[in-house]
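Enquirer:
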Amino acid sequence: MNESPKIRIAIVDDEKMLLSVFSSLLNQQHHYQAECFSNPHKAFDAITNHPGRYQLVIADIYMPQMDGITFAKMVRQVFPDLPFMFMTGEVNDELRESALSLGRVTFLEKPFPLEKTIKEAIPDLLGLPPKPTGNS
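Have a look at this one:
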């Protein structure tokens with residue numbers, strides 16, 4: 003039986019602990035491969051220099067080098083259909099509206115349940131059926 007290719011996800015967040023935990027959980031799932039970036043400029047270079055490499059970008063909204071909305075707008079100039087999942091600990095209506103206006107996005111408010119995000123939110127954004135967790 004052939005295993006389907008892994009869904010490659012770029013995770014962009016200045017919180018290195020969150021990157022470590024989230025990427026570990028994603029990489030434990032046989033259908034995801036996470037690559038982490040603590041700097042949005044480096045993430046932008048990796049994404050734009052490798053067309054088709056990533057099927058999803060998960061980005062924090064508030065980062066010191068560049069906010070997540072600006073980052074997404076830059077990426078979308080090159081890859082207009084690349085889905086985004088935004089994370090933030092603080093959200094207001096204006097921010098939510100700005101993010102959602104980009105299309106093909108979802109919003110996660112920190113703290114969010116990692117297992118539920120992996121099982122439901124990611125597949126939902128990508129138009130896939132919910133995934134079982136674990137290596138089954």
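According to the working numbering, the sequence shown is numbered sequentially starting from 3.
Think of the CB as a built atom: it goes at the ideal place given N, C-alpha and C, for glycine as much as any other residue.
Go through its chain and collect everything with a Cβ distance to Ser138's Cβ below 7 Å, but skip five positions before and after it.
Expert: Because the pLDDT of Ser138 is 42, which lies under 50, any placement of that residue in the model is unreliable, and the number read from its coordinates should be weighed accordingly. None.
Enquirer: When the Cα atoms are used, what is the spatial distance from Asn94 to Arg10?
Expert: Using only the alpha carbons, I get a separation of about 30 Å.
Enquirer: In the DSSP assignment, the beta strand (DSSP E) including Thr214 goes from what residue to what residue?
Expert: For the chain, the structure presents residues 3 to 138; residue 214 sits outside this window and is missing.
Enquirer: Pick out whichever of Ile60, Asp47, Gln79 has its Cα sitting closest to the Cα of Lys112.
Expert: Among Ile60, Asp47, Gln79, the Cα nearest to that of Lys112 is on Ile60.
Enquirer: From Ile63 to Ala45, what does the alpha carbon distance come to, in whole angstroms?
Expert: Each residue's alpha carbon lies about 14 Å from the other.
Enquirer: Between Glu99, Pro85, Gln67, Asn41, which lies nearest to Arg55 when the distance is taken from Cα to Cα?
Expert: Checking every option, the nearest Cα to that of Arg55 belongs to Pro85.
Enquirer: For Phe39, name the three-state secondary structure that DSSP assigns.
Expert: Reduced to three states, the DSSP call for Phe39 is strand.
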